[in-house]
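Participant: Dropping the structure in here first, questions after.
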Amino acid sequence: MSDKTKKDYKQTLNLPQTAFPMRANLPGREPGWLETWEREGLYQKIRAASQGRPKFLLADGPPYANGKIHMGHAVNKVLKDIIVKFHTLDGRDAPYIPGWDCHGLPIEHQVEKKKGRFEDKLKFRQACRDYAMKQVEQQRVDFKRLGVLGDWERPYLTMLPRYEAEQLRALATIIANGHVYKGYKPVHWCLDCRSALAEAEVEYQDKRSPSIDVRFAVVDEAAFAAAWGEPAGEGALSVPIWTTTPWTLPGNQAVALHPDLEYSLVSCDVGNGAERMVIAADLVDRVMSRFGASDYRVLGNRAGSVLNGLLLQHPFYDRQVPLILGDHVTLDAGTGAVHTAPGHGQEDFAAGLANDLPLDNPVGANGCFLPGIELVAGLHVYKGNDRIIEILEEHKALLKLEPIEHSYPHCWRHKTPLIFRATPQWFVSMDEKGLRRTALDEIRQVAWTPDWAQQRIEAMVEGRPDWCISRQRAWGVPIAVFVHRETNELHPRTVEILEILAGRIGEEGPDTFAVWQAADAQELLGDDAEDYEKVTDTMDVWFDSGCMHHAASAIFDELESPADLYLEGSDQHRGWFQSSLLTSVAMNGHAPYRGVLTHGFAVDEKGRKMSKSVGNIVEPQKIANSLGADVLRLWVAAADYHGEMTVSDEILKRTADSYRRMRNTARFLLGNLHGYDPSENKVAPGDMLALDRWALARTAALQAEVLEAYRSYQFHLIYQKIHNFCVVDMGGFYLDIIKDRLYTMPADSVGRRSAQTAMYHIAESMVRWLAPILSFTAEEIWQALPAPADGAREESVLLSLWQDQPEVDPGDTDWSELIGVRDAVNRELERAREKGDIGSSLAAEVDLYCDGNLQEALAALGDELRFLLITSYARLHPAAGKPGDAVAADEGPEGLWISVSQSEHAKCGRCWHRREDVGSNADHESLCGRCADNVDGAGEARRWA
RNA sequence: AGCGCGAUAGCUCAAUGAAAGAGCACGCCCCUGAUAAGGGCGAGACGCUGGUUCGAUUCCGGCUCGCGCAACCA
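For the first sequence, this note's numbering gives the first residue as -18, with consecutive numbering after it.
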């Protein structure tokens, strides 16, 4: 036999052939798909094809238009994209209109940083608008690069004039429904923002502050004696307070005691001779040791309530302030007597209301004491701290000064400490018109995933204060209302006027600000004009995005409220989920969503949040440009997003490995579908071989599982299942076995066409399972699949629906039993291999010894058992005849003994099986009988494998 | 204070009131007709601790650790 003949026979094989490359080169190839999709208008084609199908509406929470996208953005958009594409394949009309949050302070800051301050507000706003637009462009490119498909050329931007107009209408409705009021309240004030902040914009961080104890002298000892009764001891009488914000002392209007706590009158000497102080009984020792008083004596105890109303001397102003009572007083720190400045704290404010204290506001928007504030006018509050401490020393009122590390509210953008400052602000009332109650009712109507998210938002809505919706900033949507100069009441025609103003806002502008600036009070209010003034505040940006349910639905025909799903990171419980809920309930009395799904954050392998300072940032752009967007998408899908999602080099590498495995499985299927025309060569399920029918059944079962996992948004299960299918069912079993048939049987034989029919079906199914996740690769597979000669095929996988799974008669074969036998044989083959008896399994012959059902099941396959086991011979014998060296199958099938031997027969030059009949055909000396028949005869017949 | 979520092999994920599965990674072997592929074999895990139960990784309690929310803001 010459080499030449060998080669000739190789040409008679049907080896795989495909242009679908093994190497994905995703970074190189993905942009090409993006171009194609865009050029072909894929998104629009999907819309057209989905017309009339039941809708699935995902509302896109708008990312803030500033900075490059990070992993959190990527996770969020990819999850959204997976869901939208799933519903598309599932036969729904699922439009995706992305949005951006465009107003607000961070943009103002960036613009000021780059271009300095502007005198002209209109010009400044134009600069902000230009800047935001640039950010949108940049983020849009990055989002698209991840394969996120949507109406990217027609996004909703909160700065679109039309959006702003709808926002005004939303405000009008909320005002009409009676939820809005103007209040003078202490709010979190960011000195860098020069604006009030919403709860959601505050975060607590550790800060070092001066902590001081301050004497408040009792004004009238006689009055004290009368209240306390049986006064004892000698010396000056005072009530010391403790604070970490000395600068708030100019605003002090009272000292609060707890009505029910015990207070002690303590006689002591802290370096100024004998004196007496009132201190919470439980704190006496701590306070005394803090003051350095070793020798002190408790003269008596009284409940705080007995001192109610007693006057104290302000430590450095000519002001007498009362002792008041409040339940907020605790014994955690301090002296049990709480410095109360109604303008500088929430509880202080409440206490001030209850006790009719003056509400003064000595600090300006810039953080400096207002002119006219004695001793500290013009000083910045933090400089004020030091000055106040000096003043206290001068007045001998300072008992103790020490630095303290404590957690303190900070601006979440600037990371700088906030102050509490009383200012006039606009609020949405949580309770005035039952907003809180209705919102809580609505929360219970929504499907929250995971379900504990419901508790979480309930707790937040239950406990939150009124929503401060005003900001003292330029880059936002004006609160375009008139208030009465004296009464602060809204003009009675406010709602009507808002509608007039909204009507003046054009598609391309003017925007709300310009309209409001140009609005003429005389024209709008007539005779009332003189008594009313224009409000110059803008709206909290959370209000902007929060009313997306209204604004975007008004602008885009395809959107409506409520949406089926809001999907955001879990931080949005206090952000967008809540602002959307509140605006929607305030407007319409119902939630803007039927379902809410949350995901965790991306963290590094040590579970740490990604942060610039730690330097553990993984950039989505970098992954897309190195491993490919599909690998990034696969990582998102593979992670259990309910908790934190760990990213690391190792994890990404693993992800890329499993990507390759799935890709190669697809490649093998495609390669062996070469020359297969589904419209010509399809074999009816009833005519297919048993093993191929098994493959169809397995595919159908898996599809059911995959779809169920998609429906319940458990993408990590999908990834596991598909990957497992590729590795175990396909690579490790089915594909390995059918190679013989595919390669060696005549191209158009039933045996080969049956396998191809199954493979075609598997590929058609799998490409769809993968499409929502591996969008690029699925499209690549889709284009490589053989097109039926007789019919059109959708031009993109995303224009198709799930593959129909034919009912197949599984027959009597128990495949799990056969697989068990195969595994047992493999273990024996491995032992033979290790002994050096065999290499390839085709070098072996197998003798199986068993009885009963097992024997029958194996016997049914006849000679085809050897193809299942991929050995050259597989012979069956009664168990009784087993030789001494036959090995009992240790696990799996009962009553099976296996004997593996090295084949003595010649190897067929074509199929590589070692057979007795090699050379029996004179025309084909190097071939076995069936190969000779396959090459030159009618071809073999197969029924099983 | 607290509340919630989580803890399964090196990694990513399963399942289960009764011998805990998979893939990747790892070790060894084979193949060279899926070849920057493929096949086989192997080793490897229920955070700790009580209780309920005939039996607990699974149900309940406590602890530890991680994460989130909340709190601390005088």
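Glycine included, each C-beta is placed from N, C-alpha and C at the ideal position.
Cβ of residue 578 within 9 Å of Cβ of residue 612?
Facilitator: Not closer than 9 Å, so no.
Participant: If you reduce the DSSP assignment to three classes, tell me which class residue 921 lands in.
Facilitator: DSSP places residue 921 in coil when its eight states are reduced to three.
Participant: Please report the distance separating the alpha-carbon of residue 457 from that of residue 367.
Facilitator: Their backbone Cα atoms lie some 36 Å apart in a straight line.
Participant: Please report the straight-line C-alpha distance between residue 586 and residue 628, rounded to a whole angstrom.
Facilitator: Distance between the alpha carbons of residue 586 and residue 628 is about 6 Å.
Participant: With DSSP run on the structure shown, which of helix, strand or coil describes residue 828?
Facilitator: Looking at residue 828 - three-state DSSP - the assignment turns out to be strand.
Participant: Enumerate in chain order the residues of its own chain whose CB-to-CB distance from residue 17 is below 6 Å, with the five nearest sequence positions on each side excluded.
Facilitator: Closer than 6 Å at the Cβ level, and outside the excluded window around residue 17, lies no residue.
Participant: Rounding to the nearest angstrom, what Cα-Cα distance links residue 721 and residue 597 in this structure?
Facilitator: Using only the alpha carbons, I get a separation of about 50 Å.
Participant: Which of helix, strand or coil does DSSP assign to residue 73?
Facilitator: Residue 73 falls in the coil class under three-state DSSP.
Participant: Tell me the residue span of the alpha helix (DSSP H) that contains residue 45.
Facilitator: No alpha helix (DSSP H) holds residue 45; DSSP gives it neither H nor E.
Participant: What is the residue span of the alpha helix (DSSP H) that residue 113 lies within?
Facilitator: Per DSSP, residue 113 belongs to the alpha helix (DSSP H) from 102 to 126.
Participant: One question on the structure: do residue 244 and residue 317 come within less than 9 Å of each other, judged by their Cβ atoms?
Facilitator: Cβ atoms of residue 244 and residue 317: closer than 9 Å.
Participant: Please state the DSSP three-state secondary structure of residue 624.
Facilitator: Correct three-state label for residue 624: coil.
Participant: Can you give, in chain order, each stretch of the beta strand (DSSP E) that sits fully within the segment 369 to 409 and has at least 3 residues?
Facilitator: Counting whole runs of 3 or more residues, the segment 369 to 409 contains the beta strand (DSSP E) stretches 379 to 392 and 400 to 409.
Participant: Hey, could you find the ends of the alpha helix (DSSP H) residue 574 is sitting in?
Facilitator: Note, residue 574: premise wrong, no alpha helix (DSSP H); beta strand (DSSP E) at 574 to 580.
Participant: Of the choices 856, 25, 719 and 85, whose alpha-carbon is the least far from that of residue 44?
Facilitator: Checking every option, the nearest Cα to that of residue 44 belongs to 85.
Participant: Assign residue 861 to buried or exposed, taking buried as 16 or more other Cβ atoms, counted over all protein chains shown, within 10 Å of its Cβ.
Facilitator: Residue 861 should be labelled exposed.
Participant: Tell whether a beta-carbon distance below 9 Å holds between residue 151 and residue 480.
Facilitator: Their beta carbons are not under 9 Å apart, which means residue 151 does not touch residue 480 by this criterion.
Participant: Give me, in chain order, the residues of the same chain whose beta-carbon lies closer than 6 Å to that of residue 280; leave out the 5 immediate sequence neighbours on both sides.
Facilitator: Counting only Cβ-Cβ distances below 6 Å, and skipping sequence neighbours, we find 213, 214, 246 and 248.
Participant: Rounding to the nearest angstrom, what Cα-Cα distance links residue -12 and residue 778 in this structure?
Facilitator: Note that residue -12 scores a pLDDT of 48, beneath 50, so its modelled location is shaky; the value from the coordinates is reported in the next line. If I take the Cα positions, the gap works out to 40 Å.
Participant: Are three or more beta carbon pairs between the segment 539 to 548 and the segment 398 to 412 nearer than 8 Å?
Facilitator: Segments in contact, no.
Participant: Taking only heavy atoms of the ligand SAH into account, decide whether any of them is closer than 8 Å to the Cβ of residue 817.
Facilitator: You won't find the ligand SAH in this model; it holds no ligand whatsoever.
Participant: Residue range of the beta strand (DSSP E) that residue 725 falls in?
Facilitator: Premise fails: residue 725 lies in the alpha helix (DSSP H), 716 to 725, not in any beta strand (DSSP E).
Participant: Between residue 917 and the rest of its own chain, which residues show a CB-CB distance below 8 Å, the 5 nearest in sequence each way excluded?
Facilitator: 902, 904 and 905.
Participant: To the nearest angstrom, how far is it from the Cα of residue 320 to the Cα of residue 373?
Facilitator: Their backbone Cα atoms lie some 14 Å apart in a straight line.
Participant: Going by alpha carbons, who is nearest to residue 431 out of 448, 382, 551 and 496?
Facilitator: Out of 448, 382, 551 and 496, 551 has the C-alpha closest to the C-alpha of residue 431.
Participant: Do you know whose CA, among 434, 428, 429 and 440, lies nearest residue 417's CA?
Facilitator: If we check each option's Cα against that of residue 417, 440 comes out closest.
Participant: Just to confirm the assignment, what range does the alpha helix (DSSP H) spanning residue 444 have?
Facilitator: Note, residue 444: alpha helix (DSSP H), 433 to 444.
Participant: State the start and end residues of the unbroken beta strand (DSSP E) segment that holds residue 173.
Facilitator: Looking at the DSSP string, residue 173 is not in any beta strand (DSSP E), and its letter there is neither H nor E.
Participant: Three or more beta-carbon pairs under 8 Å between the segment 120 to 130 and the segment 495 to 508, yes or no?
Facilitator: Segments in contact, no.
Participant: Look at the alpha carbon of residue -17 and the alpha carbon of residue 926, and state the distance between them as a whole number of angstroms.
Facilitator: Residue placement at residue -17 is poorly supported in this model, since its pLDDT is 43, which falls under 50; the coordinates still yield a value, given next. Cα to Cα, residue -17 sits roughly 32 Å from residue 926.
Participant: Between which two residues does the beta strand (DSSP E) containing residue 321 stretch?
Facilitator: Start and end: 318 to 321.
Participant: Pick helix, strand or coil for residue 306, following the three-state DSSP scheme.
Facilitator: It is a strand residue.
Participant: Measuring only the C-alpha atoms, how far is residue 70 from residue 119?
Facilitator: Each residue's alpha carbon lies about 30 Å from the other.
Participant: Does DSSP classify residue 228 as helix, strand or coil?
Facilitator: Correct three-state label for residue 228: helix.
Participant: What residues are listed by DSSP as bridge partners for residue 747?
Facilitator: Looking at the DSSP assignment, residue 747 forms no beta bridge with any residue, so it has no partner.
Participant: Can you tell which of 885, 65 and 324 has its C-alpha closest to the C-alpha of residue 823?
Facilitator: It is 885.
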